[in-house]
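Visitor: Before anything else, here's the structure in question.
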Amino acid sequence: MTPLPRWADVVLLPLLNVTLAFLVGGLIVLSVGQNPLQAVGIMLYGAFGYGSGFGYTLYYTTDFIFAGLAVSLAYHAGLFNIGPEGQAYVGGLGVILIGLALNGMHWALVFPLMIICGAMFGAAWAFIPGYLQAKRGSHVVITTIMFNFIAVSMMGFIISRILKPEGVNSDESAPLEAITRVPQLRGFIELFRNSPVNLTFFLAIAALFFVYWLIWRTKFGYSVRALGNNPVAANYAGISNQKMIMIIMALAGAFAAMVAVNNVGGVQGRLILNFVNGAGFVGIAVAFMGKGHPIGVGLSALLFGMLYQGGQELAFQMPGITREMIVTIQALVILFTGAMGDMMRGPLSRMFFQPDAAAGDK
Amino acid sequence: MDQILVDITLILDSTVRLAVPLILASLAGLYSERSGIIDIGLEGKLLAGAFAAAAMSAVTGSAWLGLLAGVGAALVFSGIHGLASINFKGNQTISGVALNFLAAGLTTFLGQSWFRRGGYTPQLSGDQRFNPITLPFAEELRDVPVLGQIYGELISGHNIITYVAFIAVPVTAWVLFRSRFGLRLRAVGENPKAIDTAGISVTRLRYQALIITAVLVGIGGAYLSIAQSAGFNNNMSAGRGYIALAALIFAKWRPGPALLVCLMFGFLDAIQFRIQGQSFPFIGEVPVQAIQALPYILTVVLLAGFIGRAVAPKAAGVPYTKER
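First to last, the protein sequences are chains A and B.
Last residue of the first sequence? That's 364 in the working numbering, and every number before it is there in order.
Last residue of the second sequence? That's 332 in the working numbering, and every number before it is there in order.
Below, the structure is given as C-alpha cells:
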C-alpha cells in the first residue's frame, strides 16, 4: 500500500475517524427518536455559550489534558497505560496530605508542593506496574487495570478509616482552608463566575509544552520513541529498555496525579471518594484521538471538555438523552481512532493515488 | 453444630451464586484468548448482555427471549471486536477497552431513552426471570442429616443458568483438549501460521471462537439481570468481567482451574459482608476493602511470577497477516 502524504496521515485520517465516530453517535441519538443536530446545538451552547459553562468546559479540559498526557507518554514508549484513573486517585492522597500538613498557609507556597507531592504518589502507583513489566514481564495493560481496582479499595479504606475526621458522616477527609486551596479563576475573571476552573488549567497548558519538548527535543524523548517504535533496535542502540519503561510509567503516573491537584486542591478542597470520576479513562480517548501529540491532546481534551460540560446541559434540556451518551461517544472515538484507526487508510490511499485520473489532469 | 452446618451451606450457596457469572465470562474469555484474540471487553459484553436480556424480558415477558437477546447483544459486540482485531488488524486491547465504554454508555443511554427509569429496566417477575429449580428428591431428602441440607440447599434450588455454567466447564475441557476444533483453536492461538499452512482459515477459526465467547458471556450477562436479580441497573456488571479475566489468567487459560479460581473469587465475595467488623485471632479486624482487592492483588502477584507463571497463548494480541 502506498503511504499517504504526511498531512493526510497527520490531519485528514484522524479527522475522518473522529467524524465517523460522531456520525455513528448521531445515528444512535437518531435511533431513539431524538434530533442529533439539536443536541449538538445545546451542547455547544452549554459548553461555550455563557461564562460559567465555559469555565466548566476548561475545568474538564484540565483533567483530560493531564489524563491524556499520562496515556500518551506511555504510548510513545509502546506501553498502553489504562491506569490514569487509579494513578490520579492515589495522587489525591499526596495532594491532601501535604495540603492538610500545611493547612492555613498561603496557596502560593502549598500549590507547588501539592504538585510535587501529588506527582510522587501518582508516580509511585504507576511505577509498580512499570517495574513489573520491565523486570518480571507482567503485561502493563492487565496490571494497570488491576491497579485501578486496587486503588479504589485502598483509597476507600484510607479515606473512610484514616482520613475521615471524627463526627463527619460522609466519607471524606478534613477540608483545606480557603487560603490554602488552589485559587479559582473566578476570583480574577468575572466571566468564570460559579465555575471551578482554577490555576491548574495553566499548569495543564504548560504540561503540553513540556511534553512536546521532552518527547521531541531531548535525548530522553528520543529514547522513549525509539523504544516505542522498535524495542530491539533501541536496545542495540544502548538504551536500557527496562529503565526506560519504569521511568516513563512513573512519569505518566505523575501527570495523571495532576488531575488530583485540579480536583482535590482546586475544587473540592478535600479528598472525597471516587473524585476522579472517570476522567482517567477519558484520557485514553483523548490520547488516541490526539495521536499522542500535545497539540492533538490539547484539542481533543477541549473537545471532550465541551462534551462533558455540554452533556450536562443536554441532560437538562432533552430528558430523553442522558449524559452517558458522552461515554458512548468516548467509546466510539477510542474504537475508530484507536482500534480501527487504519480502517480508512486503504480507501484513502486509493483515492490519492488513482493512477490515471490524477495524471490525466496535469 | 447444626447452626455451623447451616452457616457453611449458606456461604457456599452464595459462593455458587456469585461465581456463576465469573465462570461463564471466564470460559468465554478462554475461547477467545486461546484463539489468539485478547478480550479485555468481557466486562462490556457482560453488561450489554445483562441489559439486552432485561430489556427484552421486560418487553416480551419471556426470560428465554431475554436470554436470546443477551446473547445477541454479546454477539454484536464480539462482531465489532472481530472486525477491529481480525479484519482491520487493529489493536485488540484498545478495541476491548472501547467496547467496555460502549457498553457502559449505551446501556444507560438506551435504558433511559426506552424506559425512563434513571437507567433501571422495569422490575421483572414470574416468567420474566429464570427461577430456582428444585431437583428431584430435594424435598424427600430434607430430613436426612448433612446430606439433605447439602443437597437441598447447595445443589438443588438454583436456576437453570447456574447448572449450565457448571456443565459448561467439563464441556469446554473436552472441546479444548479432546476435539479437533479444540486442537485447531489451541494451535491458532499459539502459531496461526501453522494453521494457515494446513489449509485452515485463521479468520474463520477466530470468528468461531468469538461466537462461542459471545454466547457464553451473553448467558453470563443474562444471569446477572434476569436470574440473579430482577432487572437491570446501571453498571451492574461492576467489574466482574475484569475479575473473570483475572481468574482466566490465574487459571493459566485452563477450564478446570478457571472453575476453581472463580469459586474462590466468589467465596471471597460471599464472605465479604460476614467478616465486616469481626475480629480474628492474630490478624485482628480485616477491612472489607482488603477482601475486595484480594482477587486483583493475587492476579498481579501471579502475573509477576512470584507464585508460578502465567504464560498467555503465544499469538494472543497479534493480528494475523497472510503473506502475499
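Quick reminder that beta carbons are idealized off the backbone N, C-alpha and C, glycines included.
All of these numbers come straight from a predicted model, not from anything done at the bench.
Between B/Ser121 and chain A, is the shortest Cβ-Cβ distance under 8 Å, so that the two count as touching?
Guide: In the second sequence, the residue the question calls residue 121 of chain B occupies position 113. Interface residue, yes.
Visitor: List, in order along the chain, the chain A residues whose C-beta lies closer than 7 Å to that of B/Thr116?
Guide: What you label residue 116 of chain B is simply residue 108 of the second sequence in a count that begins at 1. Correct list: Thr324, Glu326.
Visitor: Quick check on the DSSP output: the alpha helix (DSSP H) that includes B/Phe174 runs from which residue to which?
Guide: Here the question's residue 174 of chain B lines up with position 166 in the second sequence. Taken as a continuous stretch (DSSP letters only), the alpha helix (DSSP H) holding B/Phe174 covers 168-186.
Visitor: What does a CB cutoff of less than 8 Å around A/Met148 pick up in its chain, not counting 5 residues either side in sequence?
Guide: Locating residue 148 of chain A in the first sequence gives position 146, counting from the first residue. For A/Met148, where only same-chain residues beyond five positions count, there are no Cβ hits under 8 Å.
Visitor: Of all the options B/Val183, B/Leu76, B/Leu311, B/Gly57, which has the alpha carbon lying nearest to the alpha carbon of B/Ala254?
Guide: Position 246 of the second sequence, counting from 1, holds the residue named residue 254 of chain B. Considering only alpha carbons, the answer is B/Leu311.
Visitor: Across the stretch 35-54 of chain A and the stretch 302-317 of chain A, are there enough close Cβ pairs to call them in contact, namely three or more that are closer than 8 Å?
Guide: Enough Cβ pairs lie closer than 8 Å, so yes.
Visitor: With distances taken Cα to Cα, identify the nearest neighbour of B/Ala63 among B/Gln136, B/Arg214, B/Arg212.
Guide: Taking the second sequence and counting its residues from 1, the one referred to as residue 63 of chain B is at position 55. Of the candidates B/Gln136, B/Arg214, B/Arg212, the one whose C-alpha sits nearest the C-alpha of B/Ala63 is B/Gln136.
Visitor: Report the partner residues of B/Ser287 according to the DSSP bridge assignment.
Guide: Working through the second sequence from its first residue, we reach residue 287 of chain B at position 279. BP columns for B/Ser287 point to B/Glu293.
Visitor: With a Cβ-Cβ cutoff of 8 Å, do B/Leu32 and B/Gly247 count as a contact?
Guide: The count along the second sequence starts at 1 and reaches residue 32 of chain B at position 24. The count along the second sequence starts at 1 and reaches residue 247 of chain B at position 239. Contact: no.
Visitor: Report yes if the CB atom of B/Pro303 is closer than 8 Å to the CB atom of B/Leu276, and no otherwise.
Guide: Residue numbering aside, residue 303 of chain B sits at position 295 when the second sequence is read from its first letter. Residue numbering aside, residue 276 of chain B sits at position 268 when the second sequence is read from its first letter. Contact flag set, yes.
Visitor: Once DSSP output is grouped into helix, strand and coil, what is the label at B/Gln300?
Guide: Counted from its first residue, the second sequence places residue 300 of chain B at position 292. It is helical.
Visitor: In chain order, what residues of the same chain have a beta carbon less than 7 Å from the beta carbon of B/Ile46, not counting five sequence neighbours either side?
Guide: Here the question's residue 46 of chain B lines up with position 38 in the second sequence. If we look at B/Ile46 and ignore the five residues flanking it on each side, its Cβ neighbours are Gln100, Thr101, Gly104, Ala324, Gly325.
Visitor: From B/Ala279 to B/Phe273, what does the alpha carbon distance come to, in whole angstroms?
Guide: Translated into positions along the second sequence, residue 279 of chain B becomes position 271. Translated into positions along the second sequence, residue 273 of chain B becomes position 265. One detail in the question is off: residue 279 of chain B reads as Ile in this sequence, not Ala. Approximately 10 Å between the Cα atoms of the pair.
Visitor: What residues match up with B/Gln157 in a beta bridge as DSSP calls it?
Guide: Indexing the second sequence from 1 puts residue 157 of chain B at position 149. Looking at the DSSP assignment, B/Gln157 forms no beta bridge with any residue, so it has no partner.
Visitor: Measuring straight from C-alpha to C-alpha, what distance separates B/Gln11 and B/Pro153?
Guide: Here residue 11 of chain B refers to the residue found at position 3 of the second sequence. Here residue 153 of chain B refers to the residue found at position 145 of the second sequence. Using only the alpha carbons, I get a separation of about 13 Å.
Visitor: Whole angstroms is fine: what's the gap from A/Phe82's alpha carbon to B/Ser121's?
Guide: Against the first sequence, residue 82 of chain A aligns to sequence position 80. Against the second sequence, residue 121 of chain B aligns to sequence position 113. When rounded, the distance between both Cα atoms is 34 Å.
Visitor: Helix, strand or coil for B/Glu3 per DSSP?
Guide: Any property of residue 3 of chain B remains undetermined from this structure, which presents chain B solely from 9 to 332.
Visitor: Rank B/Pro178, B/Leu114, B/Asp204, B/Phe314 by C-alpha distance to the C-alpha of B/Leu267 and give the top, closest one.
Guide: Translated into the one-based positions of the second sequence, residue 267 of chain B becomes position 259. Per the Cα distances, B/Pro178.
Visitor: Which complete alpha helix (DSSP H) runs does the stretch 93-156 of chain A hold, if anything under 4 residues is left out?
Guide: Counting whole runs of 4 or more residues, the stretch 93-156 of chain A contains the alpha helix (DSSP H) stretches 109-138.
Visitor: Whose C-alpha, out of B/Ser245, B/Leu76, B/Gly160, B/Leu132, is nearest the C-alpha of B/Ala112?
Guide: Residue numbering aside, residue 112 of chain B sits at position 104 when the second sequence is read from its first letter. The residue with the shortest Cα to Cα distance from B/Ala112 is B/Ser245.
Visitor: The stretch 249-281 of chain B: which residues have C-beta closer than 9 Å to a C-beta of chain A, in chain order?
Guide: Of all residues in the stretch 249-281 of chain B, Tyr250, Ile251, Leu253, Ala254, Ile257 have a Cβ within less than 9 Å of some Cβ in chain A.
Visitor: Return helix, strand or coil for A/Asn237, following the three-state DSSP convention.
Guide: As a first step, residue 237 of chain A is located in the first sequence; it is residue number 235 there, counting from the start. Note: A/Asn237 maps to helix in three-state DSSP.
Visitor: What does A/Glu174 pair with, by DSSP beta-bridge criteria?
Guide: What you label residue 174 of chain A is simply residue 172 of the first sequence in a count that begins at 1. DSSP output for A/Glu174 lists A/Ile274 as bridge partner(s).
Visitor: Using a Cβ-Cβ cut-off of less than 9 Å, list which residues of the stretch 66-82 of chain B approach chain A; keep chain order.
Guide: Cβ contacts with chain A come from no residue of the stretch 66-82 of chain B.
Visitor: Is A/Phe211 buried or exposed, if buried means 16 or more other CB atoms sit within 10 Å of its CB?
Guide: Taking the first sequence and counting its residues from 1, one reaches residue 211 of chain A at position 209. A/Phe211 comes out exposed.
Visitor: When the distance is taken between beta carbons, is B/Gly57 closer than 8 Å to B/Val225?
Guide: In the second sequence, counting from the first residue as 1, residue 225 of chain B sits at position 217. In the second sequence, counting from the first residue as 1, residue 57 of chain B sits at position 49. Yes; because the gap between Cβ atoms is below 8 Å, this pair is in contact.
Visitor: Can you tell which of B/Ala77, B/Ala217, B/Asp21, B/Phe185 has its C-alpha closest to the C-alpha of B/Ile234?
Guide: Numbered from 1 along the second sequence, position 226 holds the residue referred to as residue 234 of chain B. When only C-alpha atoms are compared, the closest one is B/Ala77.
Visitor: Go through its chain and collect everything with a Cβ distance to A/Ala254's Cβ below 6 Å, but skip five positions before and after it.
Guide: Working through the first sequence from its first residue, we reach residue 254 of chain A at position 252. If we look at A/Ala254 and ignore the five residues flanking it on each side, its Cβ neighbours are Ala72, Leu75, Ala76, Asn83, Ala128.
Visitor: Could you tell me which of A/Pro321, A/Gln244, A/Arg163 sits nearest to A/Asp173, measuring between CA atoms?
Guide: Reading the first sequence from its first residue, position 171 is the one you call residue 173 of chain A. That would be A/Arg163, whose Cα lies nearest to the Cα of A/Asp173.
Visitor: Which residue's Cα is closest to the Cα of A/Phe113: A/Phe50, A/Pro177, A/Leu205?
Guide: Along the first sequence, one-based indexing puts residue 113 of chain A at 111. Comparing Cα positions, the closest option is A/Leu205.
Visitor: According to DSSP, simplified to helix, strand and coil, what is A/Asn243?
Guide: Mapped onto the first sequence, residue 243 of chain A falls at position 241. If DSSP states are grouped into helix, strand and coil, A/Asn243 belongs with the helices.
Visitor: Indicate whether at least one CB of chain A lies closer than 8 Å to the CB of B/Met129.
Guide: Stepping through the second sequence from its first residue, residue 129 of chain B is reached at position 121. At residue 129 of chain B the sequence reads Thr, which differs from the Met that was named. Chain A contact via Cβ: absent.
Visitor: Any chance the CB of B/Ile169 is under 7 Å from a heavy atom of the ligand NAD?
Guide: This structure lacks the ligand NAD; in fact it carries no ligand of any kind.
Visitor: Could you have a look at A/Asn200 and say whether DSSP puts it in helix, strand or coil?
Guide: Translated into positions along the first sequence, residue 200 of chain A becomes position 198. Correct three-state label for A/Asn200: strand.
Visitor: Does the separation of the CB atoms of A/Arg188 and A/Gly271 fall below 8 Å?
Guide: Taking the first sequence and counting its residues from 1, one reaches residue 188 of chain A at position 186. Taking the first sequence and counting its residues from 1, one reaches residue 271 of chain A at position 269. Not in contact: A/Arg188 and A/Gly271 (Cβ atoms no closer than 8 Å).
Visitor: I'd like to know whether the C-beta of A/Ala235 is nearer than 8 Å to at least one C-beta of chain B.
Guide: Taking the first sequence and counting its residues from 1, the one referred to as residue 235 of chain A is at position 233. No - not a single Cβ of chain B is within 8 Å of the one on A/Ala235.
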